[in-house]
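Notes follow the structure.
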Amino acid sequence: MTGSPLLALHGISKRFGAVQALKDVELEVHAGEVVALLGDNGAGKSTLVRIIAGVAAADAGVIEWEGRAVQIRTPQVAQHLGIATVYQNLALCDGLDVAENLFLGRERRRPGVLGRLLRHMDKNSMREEARRQLDTLGIRVPDVRTPVAALSAGQRQTVAISRALLGKPKAVLLDEPTATLGAQQAGHVLDMVDELREQGVGVILISHNMGDVKAVADRAAVLRLGCNNGFFHVSTASQDRIISSITGISSSP
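Residues 15 to 267 in our numbering are what the sequence shown spells out, letter by letter.
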């Protein structure tokens with residue numbers, strides 16, 4: 015893609031004791047682009063996402079956001095910049111309904127004394143906004159008052175993604191969003207990824223599923239043993255070539 019990247023990483027390195035988790039890693043994602051972050055287990059994908067999300071700090075390197083160098087020391091800084099992350103564990107509360115989960119940690123209070131002193135939540139306002147959010151993303155759930163525990167795995171995943179999008183982020187990091195889903199449920203999640211691209215959001219998608227990568231990613235960045243091991247335009251690169259970059263094993267006879 016042309017133009018300046020939304021997010022750019024330069025020379026990112028991270029060590030955990032004697033283990034070099036990342037070494038001089040480069041990565042770019044533009045607005046309205048889906049970049050698949052690929053690699054075997056232990057390649058450094060999750061560590062890199064945690065650094066972007068402000069959960070872990072890099073030992074070396076520069077992160078640029080909208081063309082300027084930034085330091086993302088905490089998840090709150092990442093969120094303030096406009097970076098949202100959806101982890102594999104989803105972090106949903108089964109005992110709360112869909113709307114309450116979407117607003118978890120940023121609950122709206124009722125106006126006046128009830129909200130200011132008694133801390134009563136404005137459930138009607140949250141439910142209305144939750145319905146708008148889900149409708150915008152084309153997400154179907156029985157009702158925003160439905161407990162999350164009653165939802166399917168695919169619906170739970172879309173609720174987690176919707177919660178991340180409530181603050182209208184410019185970039186979204188998705189950590190294997192379809193790993194535990196069936197084909198139909200995974201299809202709904204991939205439709206959401208397509209919708210994010212249409213809305214101009216930059217997406218970093220961690221995945222081990224090459225079908226998902228081919229379906230939604232514009233480019234793929236491969237990590238191997240904590241280092242860059244290839245960048246590919248998904249529409250033109252063969253699957254064998256990408257897999258060879260992931261495994262380090264040549265696909266040639």
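Glycine included, C-beta positions come from ideal geometry on N, C-alpha and C. None of these values were measured; they are calculated from a predicted model.
Here the C-alpha atom of residue 58 lies approximately 16 Å from the C-alpha atom of residue 68.
Between the beta-carbon of residue 75 and that of residue 134 there is about 46 Å, and that puts the pair past the 8 Å contact cut. For residue 73, the secondary structure class from DSSP, reduced to helix, strand or coil, is coil. Under the three-state reduction of DSSP, residue 78 is assigned to strand.
Residue 89 carries a helical assignment under DSSP once its states are collapsed to helix, strand and coil.
Ranking 251, 235, 250 by CA distance to the CA of residue 54 puts 235 first. Residue 203 sits away from residue 162, with the two beta carbons spaced by 9 Å or more.
Taking the Cα positions, residue 47 is about 14 Å away from residue 80. In this structure, the CA atom of residue 33 is about 32 Å from the CA atom of residue 195. Scanning its chain for C-beta atoms nearer than 8 Å, with the 5 sequence neighbours on each side dropped, one finds around residue 88 the residues 68, in chain order. Residue 173 places its beta carbon less than 9 Å from that of residue 106. DSSP places residue 99 inside the beta strand (DSSP E), whose first and last residues are 97-100. The bridge partners DSSP lists for residue 242 are 237.
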